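Residue numbers (our numbering): 1245 to 1368.
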């Protein structure tokens, strides 16, 4: 029950103040700016990949990232996807099913440098 309340709170919270969607990234996914970090989401089949970059789209190493997870709301269901660092600048997780149109994805992680990153996406 607590997990559903947390997911709902994250989904409706004003994360737009924390992170806002800029445009398409170099990998074709939407990009969100969060605390000086850029997060690009690419969902392909059941794989969820987040690319981390900084100023001038310079890759930020994902090694040492802690507590990385995505809360996914899709087709009336909420799931938590654990994200694992992958070299050089990715966080990768496995989805139970491909994301549907309009699915909401809220990502949170603590980078190795201590910065908290939060980003919210809507799958189009």
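We treat Cβ as the ideally placed atom computed from N, Cα and C, and that holds for glycine. From a predicted model like this one, the values you see are computed outputs, not experimental measurements.
Indicate the three-state DSSP secondary structure (helix, strand or coil) for residue 1357 in the structure shown. If you number the chain shown from 1, residue 1357 lands on position 113. For residue 1357, the secondary structure class from DSSP, reduced to helix, strand or coil, is coil.
Are residue 1341 and residue 1307 close, meaning C-beta to C-beta below 9 Å? Along the chain shown, read from residue 1 onward, the residue named residue 1341 stands at position 97. Along the chain shown, read from residue 1 onward, the residue named residue 1307 stands at position 63. In this structure, the beta-carbon distance from residue 1341 to residue 1307 does not fall below 9 Å.
Since residue 1319 contacts residue 1349 with CB under 8 Å, what's their CB separation in whole angstroms? By one-based count along the chain shown, residue 1319 stands at place 75. By one-based count along the chain shown, residue 1349 stands at place 105. The pair is not a contact, with the Cβ atoms about 13 Å apart (cut-off 8 Å).
Does the distance from the C-beta atom of residue 1285 to that of residue 1363 stay below 9 Å? Position 41 of the chain shown, counting from 1, holds the residue named residue 1285. Position 119 of the chain shown, counting from 1, holds the residue named residue 1363. Result yes, Cβ atoms of residue 1285 and residue 1363 sit closer than 9 Å.
From the DSSP output, read off the bridge partner residues of residue 1321. Mapped onto the chain shown, residue 1321 falls at position 77. Per the DSSP secondary-structure output, residue 1321 pairs in a beta bridge with 1318.
Beta-carbon separation of residue 1279 and residue 1312 under 9 Å? Here residue 1279 corresponds to residue number 35 of the chain shown, with the count starting at 1. Here residue 1312 corresponds to residue number 68 of the chain shown, with the count starting at 1. No, these two residues do not count as a Cβ contact at 9 Å.
Determine the extent of the beta strand (DSSP E) in which residue 1278 is found, giving its start and end residues. The residue you call residue 1278 lines up with position 34 of the chain shown. Counting along the chain, the beta strand (DSSP E) containing residue 1278 begins and ends at 1274-1278.
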